[in-house]
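Every position in the sequence shown, counted from 1, becomes a number in this note's numbering once 13 is added. Have a look at the structure below, then the notes.
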Amino acid sequence: MKLKSITVGGFRNLKRTTVNFDGITALVALNSFGKSNYLRAIEFGINFYKGSSAMRKRSFSDESAMPLNKITCNDDFYFELEIENSSNADHQNIIYGYTFRWKRVDKTGAKITSEWLKVKPVEKKKFTQIINRSETKALYRNSESGRCSKKSQVAEDEMLLQRMASLDDCFYTDIIKAVLSVSIFVDHRLDRSDEYEIQPLIPENDDGLSLNSSIGVPHTMAILKEKCPDEYAKITDAFCQLYPNISKIEVKSYPFDPISSELPSLPKDIPYTFAKAAYILWVIDDTLNQPIPFEALSDGAKRILWMFTCIAKAKLNQLALIAIEEPENSVHPKLLQSYLDIINQLLDGCSMIMTSHSPYIVGYLPLKSLMIGLPNDDGTACFYPIKGSQNNRVINDARESDMTTGTYIFDLLSGSESDYEQLRQYLDCGGRSSENRGGESL
Numbered sequence: 014m015k016l017k018s019i020t021v022g023g024f025r026n027l028k029r030t031t032v033n034f035d036g037i038t039a040l041v042a043l044n045s046f047g048k049s050n051y052l053r054a055i056e057f058g059i060n061f062y063k064g065s066s067a068m069r070k071r072s073f074s075d076e077s078a079m080p081l082n083k084i085t086c087n088d089d090f091y092f093e094l095e096i097e098n099s100s101n102a103d104h105q106n107i108i109y110g111y112t113f114r115w116k117r118v119d120k121t122g123a124k125i126t127s128e129w130l131k132v133k134p135v136e137k138k139k140f141t142q143i144i145n146r147s148e149t150k151a152l153y154r155n156s157e158s159g160r161c162s163k164k165s166q167v168a169e170d171e172m173l174l175q176r177m178a179s180l181d182d183c184f185y186t187d188i189i190k191a192v193l194s195v196s197i198f199v200d201h202r203l204d205r206s207d208e209y210e211i212q213p214l215i216p217e218n219d220d221g222l223s224l225n226s227s228i229g230v231p232h233t234m235a236i237l238k239e240k241c242p243d244e245y246a247k248i249t250d251a252f253c254q255l256y257p258n259i260s261k262i263e264v265k266s267y268p269f270d271p272i273s274s275e276l277p278s279l280p281k282d283i284p285y286t287f288a289k290a291a292y293i294l295w296v297i298d299d300t301l302n303q304p305i306p307f308e309a310l311s312d313g314a315k316r317i318l319w320m321f322t323c324i325a326k327a328k329l330n331q332l333a334l335i336a337i338e339e340p341e342n343s344v345h346p347k348l349l350q351s352y353l354d355i356i357n358q359l360l361d362g363c364s365m366i367m368t369s370h371s372p373y374i375v376g377y378l379p380l381k382s383l384m385i386g387l388p389n390d391d392g393t394a395c396f397y398p399i400k401g402s403q404n405n406r407v408i409n410d411a412r413e414s415d416m417t418t419g420t421y422i423f424d425l426l427s428g429s430e431s432d433y434e435q436l437r438q439y440l441d442c443g444g445r446s447s448e449n450r451g452g453e454s455l
């Protein structure tokens, strides 16, 4: 399964924005524009439709998510994803989405207002409607040859998608399973130094290979070395490729047995257990006269290795998307291009979206991979791709200004109104229309 795009809107200051995914995509804007809000919105949107009714009831009044901006405060939350599903003989494009109204003082909110599910073979143009829901009706297609006209009674906080998943002998079960299986990992932390500390206690039943695992990087590397040696080799090779003076990384275990045997048993109601060993990563640096622990390296190096392990775990768990904040943080600009190239190689079909306010990131990625946040005076955030027809013009204009492409774009972002207008000419501000992507009129 491949995640092709996600559209979200009506979340904090975020206006409706569609981002297409293919390898690495970067949300680029000045500080405090709203880049992180897009990442939070897609995480919120997926959790909402996969979660319980009780969770959705809480989400309707989540003040950390609802739009408070004067322009967007009356917007319903909007979510839509498009995936390409190839888990069966037929390759299909699937579109699923919904809207809900935030809780309101006048009691008209706190309810799902629309929901839709469409599917088509990849080689065809027309989608077939499977779910079509409005505020007043909820319809679905109950046979492959029928129409989307079968009525269903659903609560205001209930997803019709989940209701359909429980039907027996449903001809589109695989389609619904594909939508419900979409998983992403969103990381908002810039510092991962604590991932390298020795852990005497670890969570019970934590295999170390999930993206939400609490097990640190050294222990994770030991698990990968034992269970997924190919991924372990890719990670160590990639890191040594990025840091040529480092010829080897090796994980070593130091058993706790003599100590732990003298410790009292943990209470049964505590979901932790004693680790069998301490795990330490050792680094062979050709410029040093002895090995050093990985913990002695820079914060940037620690975050880079942590990211490589995340990519490996994302592939093992078939995650559709990894989302990270500011990969340039604590990483020297000279390493960034190689870092991005290596990430692209490691992704191997998975996608990544990153936020950035670095001209280096912008300069090292293809222009088609950028989503630009155009400055405005109303405090809203929306991101737009650069028009394909404008790529050469952007490159030539940057060259004429004696700047790199990344520096040129950020110069426009931080410039005057005339600079914004110049930037607007490069961008596809019309974008993919999402206003009518939902179900047919009911």
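Glycine included, C-beta positions come from ideal geometry on N, C-alpha and C. Model, not experiment: these values are computed from the prediction.
Where does the unbroken alpha helix (DSSP H) through Lys-15 begin, and where does it stop? From DSSP, Lys-15 is part of no alpha helix (DSSP H) but of the beta strand (DSSP E) over 15-22.
With 16 other Cβ atoms within 10 Å as the buried cut-off, status of Tyr-267: Taking all protein chains in view, the Cβ of Tyr-267 is surrounded by fewer than 16 other Cβ atoms within 10 Å, so the residue is classified as exposed.
Please classify Met-365: does DSSP put it in a helix, a strand, or coil? Looking at Met-365 - three-state DSSP - the assignment turns out to be strand.
For Ile-335 and Phe-321, what's the separation of their Cα atoms in angstroms? Spanning the two alpha carbons is a distance of roughly 11 Å.
Under a Cβ-count criterion, where at least 16 other Cβ atoms within 10 Å of its own Cβ denotes burial, should Ser-446 be classed as buried or exposed? Note that Ser-446 has pLDDT 39, beneath the 50 cutoff, so the model's placement of it is unreliable and no number is given.
Would you mind sorting Val-264 into buried or exposed? The rule is 16 or more other CB atoms within 10 Å of its CB. Flag for Val-264 reads buried.
With a Cβ-Cβ cutoff of 7 Å, do Thr-112 and Tyr-91 count as a contact? Cβ atoms of Thr-112 and Tyr-91: closer than 7 Å.
For the alpha helix (DSSP H) containing Gly-58, list its first residue and its last residue. Residue range 48-63 is occupied by the alpha helix (DSSP H) that includes Gly-58.
With a Cβ-Cβ cutoff of 7 Å, do Ser-127 and Arg-146 count as a contact? Cβ atoms of Ser-127 and Arg-146: closer than 7 Å.
Anyone know if the C-beta pair for Met-14 and Ala-191 falls short of 7 Å? Their beta carbons are under 7 Å apart, which means Met-14 touches Ala-191 by this criterion.
Between Arg-205 and chain C, is the shortest Cβ-Cβ distance under 7 Å, so that the two count as touching? The displayed structure is made up of one protein chain only, and chain C is not part of it.
Mind listing, in chain order, the continuous alpha helix (DSSP H) runs of no fewer than 4 residues lying wholly within the segment 319-374? If only complete runs of 4 or more residues are kept, the segment 319-374 shows the alpha helix (DSSP H) at 346-360, in order along the chain.
Please report the Cβ distance between Leu-43 and Leu-349, rounded to the nearest whole angstrom; I am assuming they are in contact, meaning their Cβ atoms lie under 8 Å. Between Leu-43 and Leu-349, the beta carbon gap of about 19 Å keeps them out of contact (Cβ cut-off 8 Å).
Could you tell me which residues DSSP pairs with Tyr-292 in its beta bridges? Looking at the DSSP output, Tyr-292 sits in a beta bridge with Ser-266.
Kindly indicate which three-state DSSP category Asn-87 falls into: helix, strand or coil? Three-state DSSP puts Asn-87 in coil, outside helix and strand.
Would you give the residue range spanned by the beta strand (DSSP E) that Asp-391 belongs to? In the DSSP annotation of this structure, Asp-391 is not part of any beta strand (DSSP E), being labelled neither H nor E.
Going by C-alpha to C-alpha distance, which of Ser-156, Arg-160, Ala-178, Lys-150 sits closest to Gln-166? That would be Lys-150, whose Cα lies nearest to the Cα of Gln-166.
Just to confirm the assignment, what range does the beta strand (DSSP E) spanning Val-32 have? Secondary structure note for Val-32: its beta strand (DSSP E) is the uninterrupted segment 30-33.
Using the beta-carbon count (16 or more within 10 Å), is Asp-88 buried or exposed? Buried.
Round the Cβ separation of Asp-170 and Lys-63 to the nearest angstrom and send it over; I've been treating them as touching at under 8 Å. Between Lys-63 and Asp-170 the Cβ distance is about 14 Å, and since that is not below 8 Å, they are no contact.
Give the secondary structure of Gln-105 by DSSP, where H, G and I count as helix, E and B as strand, and everything else as coil. Under the three-state reduction of DSSP, Gln-105 is assigned to strand.
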